Amino acid sequence: MPLIEALPKYGHYINGAMIPPALGDYFPTENPYSGEPWALIARGGKVDVNAAVAAATCAFAGEWAKLTPSRRGKLLRRFADLLIDHAQRIAEIERRDNGKLAAEVVTQMRYLGDYFHYFAGLADKIESRVIPTDKQGVLFCYTRYEPKGVVAIITPWNSPLTLTSWKLAPALAAGCTVVIKPSEYTSASTLEMAVLFGEAGFPKGVVNVVTGFGDEAGAPLVEHPDVAHIGFTGSELAGQKIYQAAARGLKTVTLELGGKSANIVFDDADLDQALKGAVSGIFSASGQSCQAGSRLLLQSSIHDEFVHRLVALARQAKLGDPADISTQIGPIATRPQFEKVLRYIQIAKAEGAVCALGGKARPDLGQGQFIEPTIFTGVDNRMRIAQEEIFGPVLCVIPFEDEDDAIRIANDNRYGLAGAVWTRSLQRALMVTEKLKAGTVWVNNYRATSFTAPFGGYKHSGIGRESGMDAVREYLETKCVWVSTDLDVANPFIRR
23 MPLIEALPKY GHYINGAMIP PALGDYFPTE NPYSGEPWAL IARGGKVDVN
73 AAVAAATCAF AGEWAKLTPS RRGKLLRRFA DLLIDHAQRI AEIERRDNGK
123 LAAEVVTQMR YLGDYFHYFA GLADKIESRV IPTDKQGVLF CYTRYEPKGV
173 VAIITPWNSP LTLTSWKLAP ALAAGCTVVI KPSEYTSAST LEMAVLFGEA
223 GFPKGVVNVV TGFGDEAGAP LVEHPDVAHI GFTGSELAGQ KIYQAAARGL
273 KTVTLELGGK SANIVFDDAD LDQALKGAVS GIFSASGQSC QAGSRLLLQS
323 SIHDEFVHRL VALARQAKLG DPADISTQIG PIATRPQFEK VLRYIQIAKA
373 EGAVCALGGK ARPDLGQGQF IEPTIFTGVD NRMRIAQEEI FGPVLCVIPF
423 EDEDDAIRIA NDNRYGLAGA VWTRSLQRAL MVTEKLKAGT VWVNNYRATS
473 FTAPFGGYKH SGIGRESGMD AVREYLETKC VWVSTDLDVA NPFIRR
């Protein structure tokens, strides 16, 4: 194990520079495959948060405010090109930090360049409306869409840069400035990305990053009086706490929280494609995805055949070093999450579910932070494993009889992030998607997302939307301006 003192150090990124933490404290970040620390991360607190918010506030009222929307778009395009140029290097850092597969994370990094290019194009397309009125003497009224101000962005460890960018790109396109607090488990890639904003020519203070723990850095950021909006992705419990804190300050929020998405396969589906969709829906990213299809609903007439083929396919998955391009399932990203997934597997067995595949840790791989692809059959939707988000490679298989039964089971959950329908019938697909209580529904595919299309949840899966023009609107205030040329209209004694 390397000496802690010899590891590279990451400071905070504040006002265009990497600076040490105010109290001088750092903590190690570990590689989940090797189990070894590989870098030291600044342990931020209230003083660091105050400095970052002050820098963002100054930039919002100063240099950033002077730029036209078109100029903001040009800077975003320049940044997007830099991100593409540095994709391989930053992807390696993120893989080392959270164990994501090399092939997956490099693809994600390059796609983020396209993501920022898209929002660069939206920066000067935030159009106002002229509204006819019913008031005599009032020529017209019109709307203005203005940036909310300083935005706090708080992100999890499973896809750090993707989930940061989903908030950061539209916030910058809208004209806001930002302070990012990444997960303490995966801060390095966010800091590496932040430096590129300086290289792209962004004014100092537009993008800032404060690292550290939730209670020490996250809470002061959420509660800071100069923060106007909070964009958060993470657990339901953490989202509730942020929502409560935001309410005390009357701040707006975008919350993308948990999921327990239903992947519904009807007996008329293309079963070969549905099998691939079921496997990728739950086992991609080792199941560490809020949109994971963790409940597989199978029509009873195909249940046994489908399960047999599913187990055979999932059994072939290669677990191992995420740096190996042939690896299909990597380690669980953090030790607490690893232990949580194992607890849920025991809960499932105690509830009477049948473990058709997996169900064990793999101590022979890396430092042992691996869990086999796990499939449970005999699952009743009332079981905890069917109701609660596990966030790991654990699939619950639930049979259903017909459309009404499938819809009832799918909607019988407090989450409503996503879902999928596999069928050859267009009529059935449209009917079921209309009745599913979920923010995203896929038909004959799973996990497709795009910068052009809104993403977000119903119910306990969150508030607001990310991606597309809907995301930009999350960071804008609407102002209505009334214009009159009739001097008498201001006379309160004249009735109109």
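Under the working numbering, the first residue of the sequence shown carries the number 23, and numbering increases by one thereafter.
All residues carry an ideal CB built from backbone N, CA and C; glycine is no exception.
Since we're looking at a predicted model, the values are computed, not measured.
| query | result |
| --- | --- |
| Terminal residues of the beta strand (DSSP E) in which T51 lies | 48-52 |
| Integer Cβ distance of E221 from I115, believed to fall under 8 Å | At roughly 16 Å, the Cβ-Cβ gap does not stay under 8 Å, so E221 and I115 are not in contact. |
| Short Cβ contact (8 Å threshold) for C418 with L318 | yes |
| Whole-angstrom distance between T356 and T177, CA atom to CA atom | 15 Å |
| Nearest residue (CA-CA) to S306, options H482, E496, Y468, D136 | Y468 |
| Cβ-based burial, T396 [other Cβ within 10 Å; buried from 16] | buried |
| Chain C contact for S506 (CB, 8 Å cutoff) | Of the chains in the structure shown, none is chain C; there is only one protein chain. |
| Sheet register partners of W444 (DSSP bridge) | V287 |
| Contacts around A269, its chain only, beta-carbon distance under 7 Å, and the 5 residues preceding and following it disregarded | none |
| 4-residue-minimum alpha helix (DSSP H) runs that sit fully inside the region 399-425, ordered along the chain | 406-409 |
| Integer-rounded CB distance, given that L320 should sit under 8 Å from P421 | 6 Å |
| Rounded straight-line distance, which links the Cα of I354 to that of G121 | 7 Å |
| First and last residue of the uninterrupted beta strand (DSSP E) at R117 | It is not in any beta strand (DSSP E) - R117 instead sits in the alpha helix (DSSP H) that spans 109-120. |
| Distance between L364 and I393 (C-alpha atoms, nearest Å) | 8 Å |
| H34, DSSP secondary structure in three states | strand |
| Spatial distance of G66 from G236 (CA atoms) | 10 Å |
| The region 188-196 touching the region 486-496, judged by at least three CB pairs closer than 8 Å | yes |
| 8 Å Cβ cutoff met for R450 and E425 | yes |
| Identified DSSP bridge partners for N230 | V201 |
| Separation of G234 from A44, as counted between CA atoms | 12 Å |
| Cβ contact check for the region 362-381 and the region 141-150: 3 or more pairs under 8 Å | no |
| DSSP three-state assignment for Y437, whether helix, strand or coil | strand |
| beta-carbon G46 near the ligand SAM non-hydrogen atom, thresh 7 Å | Absent from the structure shown: the ligand SAM. Ligands present: none. |
| Identity of the residue in D434, G46, K273, L62 nearest L498 by Cα | K273 |
| 6 Å CB neighbourhood of A267 in its chain, flanking five on each side removed | V244, E245 |
| Q321 (DSSP reduced to helix, strand or coil) | strand |
| Proximity winner among P59, Y55, G38, relative to E27 (alpha-carbon distances) | P59 |
| T165 versus D146 - alpha carbon distance | 16 Å |
| Residues sharing a beta bridge with Y55, DSSP | Y55 is not bridged to any residue. |
| Cβ contact (3+ pairs, closer than 8 Å) linking the region 452-467 and the region 432-439 | yes |
| Under the three-state DSSP convention, the category F141 falls into | helix |
| Whole runs of the beta strand (DSSP E) within the region 451-489, excluding any shorter than 3 residues | 462-465 |
| Distance, T186 Cα to G281 Cα | 19 Å |
| For Y277, the three-state DSSP class (helix, strand or coil) | With the sequence shown as reference, residue 277 is identified as Leu, and Tyr is not the correct amino acid for it. Residue state, collapsed to three classes: strand. |
| When V505, H482, T474 are compared against L144, the one with the closest alpha-carbon | T474 |
| Length at least 3, wholly inside the region 213-272: the beta strand (DSSP E) runs in chain order | 229-231, 249-255 |
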